[in-house]
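Below is one structure, written out as structure tokens, with a few remarks after it.
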Amino acid sequence: MEQRIQQFHDDTKSIPKPPTSKTLKQMNTLKKFIFKNQDYRFSDKEKNKLFACIEAYFTVFDRSGLTLTVSAFPLIEDALKVPCFTTKQKSQLLKWYEEILAKQEDSQDNKKIQESKNDEEEEEEENYDDFDWDAFEKS
Numbered sequence: 005m006e007q008r009i010q011q012f013h014d015d016t017k018s019i020p021k022p023p024t025s026k027t028l029k030q031m032n033t034l035k036k037f038i039f040k041n042q043d044y045r046f047s048d049k050e051k052n053k054l055f056a057c058i059e060a061y062f063t064v065f066d067r068s069g070l071t072l073t074v075s076a077f078p079l080i081e082d083a084l085k086v087p088c089f090t091t092k093q094k095s096q097l098l099k100w101y102e103e104i105l106a107k108q109e110d111s112q113d114n115k116k117i118q119e120s121k122n123d124e125e126e127e128e129e130e131n132y133d134d135f136d137w138d139a140f141e142k143s
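See below:
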């Protein structure tokens, strides 16, 4: 078990920027590993390494701005559900969880604002009158 955790930890040390599909696959493998072994009693060292892996994926996918389509949200959400992390680690995970949620809500609000602007522009284009009213008034 310790070797596998060390492998996850080593994988997160060499995450390319921008992240690749291999990075996403590694993150999903870590998510499955944590879920399958949630009842295992990890040592403090192992817990810290797993937490460091989650932090690395969060930093790469959600804080770096290198990718807008992929998020570490599912990994963090599952990590919050399992009992193997300490209270301090869970509180940090919860902060990250809330940060991602806030970012997602902002992007949805921005999309709605952009859509309403596009609708207004389309209405203006539809109501555009190309008749030269100044010339008409002068006559």
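Throughout, the numbering used here is defined as the position within the sequence shown, counted from one, plus 4.
Using N, Cα and C, we set each Cβ at its ideal position, and we do this for glycine too.
As the structure is a computational prediction, the values presented were derived from the model and not from experiment.
In the three-state reduction of the DSSP assignment, residue 90 falls in the coil class, being assigned neither a helical nor a strand state. Take the alpha-carbon of residue 31 and the one of residue 119: they are about 33 Å apart. Taking C-alpha positions only, residue 94 is separated from residue 84 by approximately 6 Å.
Sixteen is the threshold: since fewer than 16 other Cβ atoms of the shown chains lie within 10 Å of the Cβ of residue 105, the residue is exposed. A check of alpha carbon separations from residue 47 across 33, 6 and 103 identifies 6 as the nearest. Counting other Cβ atoms within 10 Å of its Cβ, residue 34 reaches 16 or more and is therefore classed as buried. Residue environment for residue 39: exposed (fewer than 16 other C-beta atoms within 10 angstroms of its C-beta).
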